[in-house]
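**Q**
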Amino acid sequence: MMSQSGPQRYISDNEAYDVLLTFAEELGVKRVLFLHGEKSLAAAAPYLPDLSKSFDVTDVPFGGECSYDEIDRIKAIAKENDVQMVIGLGGGKVLDTAKSATTGTHLYLVLMPTLASNCAPWSALSVHYKENGEHIDHQIYKETANLMLLNPKVILNSPINYFVAGIADTLAKFYESELIFDNLKPEEFTVALMMSRQNAINCKEVLLRDGLGAIEDMKNGELTHRWRNVAETIIVTAGTVGGWGDEYGRATGAHSVHDALTLYPQTGNLLHGEKVGYGILVLLMMEDKLDSFNELLPMFREMGVPTNFAELNLPDFSDEDIDALATEATTEEKMIHFMPMEVSAQLVKVAMLKMEVVAKQTA
12 MMSQSGPQRY ISDNEAYDVL LTFAEELGVK RVLFLHGEKS LAAAAPYLPD LSKSFDVTDV
72 PFGGECSYDE IDRIKAIAKE NDVQMVIGLG GGKVLDTAKS ATTGTHLYLV LMPTLASNCA
132 PWSALSVHYK ENGEHIDHQI YKETANLMLL NPKVILNSPI NYFVAGIADT LAKFYESELI
192 FDNLKPEEFT VALMMSRQNA INCKEVLLRD GLGAIEDMKN GELTHRWRNV AETIIVTAGT
252 VGGWGDEYGR ATGAHSVHDA LTLYPQTGNL LHGEKVGYGI LVLLMMEDKL DSFNELLPMF
312 REMGVPTNFA ELNLPDFSDE DIDALATEAT TEEKMIHFMP MEVSAQLVKV AMLKMEVVAK
372 QTA
């Protein structure tokens, strides 16, 4: 097992971006590649220092997907311009691309999240997709970012559906690891595993207690302690679960269902966390944890997280379609097989069909 903490330095503050110039100058950096989403740049611009006054900046708008083609494009631009540092500003796919482009190189890496939608700013891994949004794989890296800068004001003003998706994605940290940790003997718990498990519990407790309230704070534009705690739980605490726990704290069943759903263009308008949220419900039904299922269901409905095929934009899903989805969710390489139980496509299918019944009964 290999444990990794997060970025070498982490600053969360309304003036966090001001650290960037001094940090880079102290490292002797002269040339930087600035990778960003266009909307993210517009949101962060009021708080960003003028990089061009201190560095030779190669400005690169993000292509839209963390794909191998996009990663190769960024690598080529970095090499052509002989940059010393890559700065990634944006959502998870932008940051994952920056991580993929710099891993194994001499380049410094700075990550500046503009969304609280997942733990990509903290984790030492990237999830890769095809250009059409279909999931390919994920890679775990030996390096972590040199610096991560979080400005709460920028994230508070981001689209709220990403924040909602982040809550669902972060709840998966607990529900996906719960069965794995429950099957470990007390003497198998190292300090790293104890930290991973406790942080997974923290993810659940914070979000179940404060998640809905934090959404209301965000709707009202209020930067409350409650909202900030939830936002940093999504970005930081969630990242430490897999960081400390490695394969014991990484994604399993819920994310495997998400990965299978990416093959269906009808789900393309749904965010990563929204599909993971549906996957959590499938996972709980597979494990026959009805109390947890019934606890989450009303919260997910209030948040707008999909709970059935119709809400996944798959209203006419046939029995054959369900078979195909369940089979895809359980292919050999899927992380669902980290679960310490016998997993099959039939088990996944039965869980999804049970959810459809519940959806109709409780509509």
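Counted the way this note's numbering counts, the sequence shown spans residues 12 to 374.
Yeah, the Cβ is synthetic: ideal placement off N, Cα and C, and Gly gets one too.
1) DSSP state of His283, grouped into three classes?
2) May I ask you to report which of helix, strand or coil DSSP gives His269?
3) So, Lys286 versus Leu272, is the Cβ gap smaller than 9 Å?
4) Nearest CA to the CA of Leu136: which residue from Pro197, Thr251 and Ile212?
5) Of all the CB atoms in chain D, is at least one closer than 9 Å to the CB of Val202?
6) Under 8 Å by Cβ, that's how I've got Ala176 and Leu282 pegged, so tell me the actual separation to the nearest angstrom.
7) Between which two residues does the beta strand (DSSP E) containing Asp69 stretch?
8) Quick check on the DSSP output: the beta strand (DSSP E) that includes Glu372 runs from which residue to which?
9) Within this structure, are the beta carbons of Met314 and Ile226 separated by less than 9 Å?
10) Just the Cα atoms here: how many angstroms apart are Ala54 and Gly103?
11) Any idea if Ala89 is buried or exposed, counting beta-carbon neighbours within 10 angstroms, 16 or more meaning buried?
12) Pick out whichever of Asp107, Met350 and Pro18 has its Cα sitting closest to the Cα of Asn194.
13) Within the continuous beta strand (DSSP E) that includes Gly99, where are the two ends?
14) Determine the extent of the alpha helix (DSSP H) in which Gln209 is found, giving its start and end residues.
15) Have a look at Ile333, Leu292, Arg220 and Leu167 and flag the residue whose alpha-carbon is nearest the alpha-carbon of Thr235.
16) If you check the beta carbons only, do Leu126 and Ser51 fall under 9 Å apart?
17) How many whole angstroms separate the CB atoms of Leu294 and Thr318, which I take to be in contact at a CB cut-off of 8 Å?
18) Keeping to the same chain, check which residues put their C-beta closer than 8 Å to that of Ser16; ignore five residues upstream and five downstream.
19) Going by DSSP, what residues sit across from Asp148 in a beta bridge?
20) Three-state secondary structure (DSSP) at Pro163?
21) Please report the straight-line C-alpha distance between Met229 and Glu198, rounded to a whole angstrom.
22) Whole-angstrom Cβ separation of Leu31 and Pro57, contact assumed at under 8 Å?
23) Within its chain, find whatever has a CB closer than 8 Å to the CB of Lys141; leave out the 5 residues flanking it on each side and keep chain order.
24) Within the segment 285–335, note down every full alpha helix (DSSP H) run reaching 4 residues or more, in order along the chain.
25) Pairing CB atoms from the segment 18–26 with CB atoms from the segment 260–268, are three or more of them under 8 Å?
26) Just to confirm, are Glu377 and Leu161 a CB contact at a threshold of 9 Å?
27) Per the DSSP calculation, Ile22 is bridged to which residue(s)?
28) Buried or exposed for Gln357, please, with buried defined as at least 16 other CB atoms from any protein chain shown within 10 angstroms of its CB.
29) Go ahead and pull the three-state DSSP assignment for Tyr119.
**A** Short version:
1) helix
2) helix
3) yes
4) Thr251
5) No chain D appears in the structure shown, which is made up of a single protein chain.
6) 4 Å
7) Before going on, a small fix: residue 69 reads as Thr here, not Asp. Start and end: Asp67 to Pro72.
8) According to the sequence displayed, residue 372 carries Gln and not Glu. Premise fails: Gln372 lies in the alpha helix (DSSP H), Ala356 to Gln372, not in any beta strand (DSSP E).
9) yes
10) 16 Å
11) buried
12) Met350
13) Met96 to Gly101
14) Val202 to Lys230
15) Leu167
16) yes
17) 13 Å between Cβ atoms; not a contact.
18) Thr155, Thr251, Gly254 and Trp255
19) His139
20) helix
21) 43 Å
22) Actually they do not touch by this definition, with Cβ atoms about 15 Å apart.
23) Glu76, Ser78 and Ile147
24) 301–314
25) no
26) This structure does not reach residue 377, given that the chain is present from 12 up to 374, and the question cannot be answered.
27) Leu160
28) exposed
29) strand
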